[in-house]
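Peer 1:
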Amino acid sequence: QKEVEQDPGPLSVPEGAIVSLNCTYSNSAFQYFMWYRQYSRKGPELLMYTYSSGNKEDGRFTAQVDKSSKYISLFIRDSQPSDSATYLCAASPYGNNRLAFGKGNQVVVIP
Amino acid sequence: DAGVIQSPRHEVTEMGQEVTLRCKPISGHNSLFWYRQTMMRGLELLIYFNNNVPIDDSGMPEDRFSAKMPNASFSTLKIQPSEPRDSAVYFCASSYQGLNTEAFFGQGTRLTVV
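Line by line, the protein sequences give chains A and B.
Position in the first sequence (from 1) plus 14 gives the number in the working numbering.
Position in the second sequence (from 1) plus 722 gives the number in the working numbering.
#1: Is residue 122 of chain A near residue 29 of chain A, with beta carbons less than 7 angstroms apart?
#2: Just to confirm my understanding: we take residue 31 of chain A, look at its own chain, exclude 5 residues before and 5 after, and list those with CB closer than 8 angstroms. What are they?
#3: Could you tell me which residues DSSP puts in a beta bridge with residue 770 of chain B?
#4: Secondary structure at residue 785 of chain B, three-state DSSP: helix, strand or coil?
#5: Less than 8 angstroms between the CB atoms is what I'm expecting for residue 115 of chain A and residue 99 of chain A, so what's the real figure, rounded?
#6: Using a Cβ-Cβ cut-off of 7 angstroms, state whether residue 58 of chain A counts as contacting chain B.
#7: I think residue 803 of chain B touches residue 740 of chain B, with their Cβ atoms under 8 angstroms apart; what is that distance to the nearest whole Å?
#8: Sorted by chain position, which residues of the same chain lie with C-beta nearer than 6 angstroms to residue 771 of chain B's C-beta, five sequence neighbours on each side aside?
#9: Is residue 812 of chain B closer than 7 angstroms to residue 743 of chain B when the C-beta atoms are compared?
#10: If the cut is a Cβ gap below 7 angstroms, which residues of chain B does residue 70 of chain A touch?
#11: If the cut is a Cβ gap below 7 angstroms, which residues of chain B does residue 115 of chain A touch?
#12: State yes or no: is the C-beta of residue 18 of chain A within less than 7 angstroms of the C-beta of residue 90 of chain A?
#13: Indicate whether at least one CB of chain A lies closer than 7 angstroms to the CB of residue 810 of chain B.
#14: Please report the distance separating the alpha-carbon of residue 788 of chain B from that of residue 758 of chain B.
#15: Could you tell me if residue 731 of chain B is buried or exposed, where buried requires 16 or more neighbouring beta carbons within 10 angstroms of its beta carbon?
#16: For the beta strand (DSSP E) containing residue 112 of chain A, name the first residue and the last one.
#17: Are residue 760 of chain B and residue 825 of chain B close, meaning C-beta to C-beta below 7 angstroms?
#18: So residue 109 of chain A and residue 46 of chain A are supposed to be a Cβ contact under 8 angstroms. How far apart are they, rounded?
#19: Within the same chain, show all residues whose beta-carbon is closer than 7 angstroms to that of residue 112 of chain A, passing over the 5 residues directly before and after it, in chain order.
#20: Hey, would you say residue 35 of chain A sits closer than 7 angstroms to residue 101 of chain A, going by beta carbons?
#21: Measuring only between beta-carbons, confirm whether residue 824 of chain B sits less than 7 angstroms from chain A.
#22: Looking only at C-alpha atoms, which of A:27, A:15, A:16 sits nearest to residue 97 of chain A?
#23: Within 10 angstroms of its Cβ, does residue 762 of chain B collect 16 or more other Cβ (buried), or is it exposed?
#24: Count the other CB atoms, across all protein chains shown, that sit within 10 Å of the CB of residue 71 of chain A; report buried if there are 16 or more and exposed otherwise.
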């Protein structure tokens, strides 16, 4: 069993819709939670970073962590075609070291 | 800064051949990571260096895989002998060590072993 589980199914939404992505994790030592965005044929790039439980908002993006249920979420409001990418959740006990990644969700925003 | 630079971008090799992937981290970064990405397993950490010293190689799949970091500006990942199941995209990432720092990824090397 992977330490971070993410249902890798693709997701297609119309422009302007809210995109909701989520992951679960099993390692209670995880304290740092991240969402990476990966465009086709590119390396992942950090999108959101959260320490411990709580919410973090950055523009149209909101990351949530619920450590009691070991649940990680990402919401994208007013989605744009430029948001079309694969989104990977990740977690670690030590910041950016030893990151455990989910498999990723491919999101397509249709104009 | 040009970011993390990986070479080659694409590599096609025959089974049994030696493959060497190269990485130049961002100047000033002292942590370097090698990841492998496949459809089946997603993105997996292979090995992690700090100040040129391998800290955690528990993700290296087999003895066929080896990684070196002879200096702060260069690292290699070698597969010898290569097998078709090694086909994947290999990413190198670097960061400045710290709990609240970002790891920057290179563009990746797409390896195909036939």
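Backbone N, C-alpha and C fix where the C-beta goes; we use that ideal spot for every residue, glycine too.
Peer 2: According to the data block:
#1: No, the pair does not count as a contact, with Cβ atoms beyond the cut-off.
#2: Closer than 8 angstroms at the Cβ level, and outside the excluded window around residue 31 of chain A, lie 93, 123.
#3: B:755, B:778.
#4: Of the three classes helix, strand and coil, the one that applies to residue 785 of chain B here is coil, per DSSP.
#5: Not quite, the Cβ-Cβ distance comes to about 15 angstroms (not below 8 angstroms), so this is no contact.
#6: Judged by the 7 angstroms Cβ criterion, residue 58 of chain A is in contact with chain B.
#7: Contact flag correct, Cβ pair sits at about 7 angstroms.
#8: So the qualifying residues of the chain are 754, 791.
#9: Using a Cβ distance threshold of 7 angstroms, residue 743 of chain B and residue 812 of chain B count as a contacting pair.
#10: In chain order: nothing, as chain B lies at least about 13 angstroms away.
#11: Taking a Cβ-Cβ threshold of 7 angstroms, the residues of chain B close to residue 115 of chain A are 764, 765, in chain order.
#12: Against a cut-off of 7 angstroms, the Cβ pair of residue 90 of chain A and residue 18 of chain A comes out as no contact.
#13: Answer no: the Cβ-Cβ gap between residue 810 of chain B and chain A never drops below 7 angstroms.
#14: Taking the straight line from one Cα to the other gives about 13 angstroms.
#15: By the Cβ neighbour-count rule, residue 731 of chain B is exposed, with fewer than 16 other Cβ atoms within 10 Å of its own.
#16: Unbroken run through residue 112 of chain A: none, as it is neither H nor E.
#17: Cβ distance not < 7 angstroms, so residue 760 of chain B and residue 825 of chain B don't count as in contact.
#18: Distance from residue 109 of chain A to residue 46 of chain A at the Cβ level is roughly 5 angstroms; contact confirmed, criterion being Cβ atoms closer than 8 angstroms.
#19: Counting only Cβ-Cβ distances below 7 angstroms, and skipping sequence neighbours, we find 106.
#20: Yes, they are a contact pair.
#21: So, interface residue.
#22: When only C-alpha atoms are compared, the closest one is A:27.
#23: Counting the other Cβ atoms within 10 Å of the Cβ of residue 762 of chain B gives fewer than 16, which makes it exposed.
#24: With fewer than 16 Cβ atoms within 10 Å of its Cβ, residue 71 of chain A is classed as exposed.
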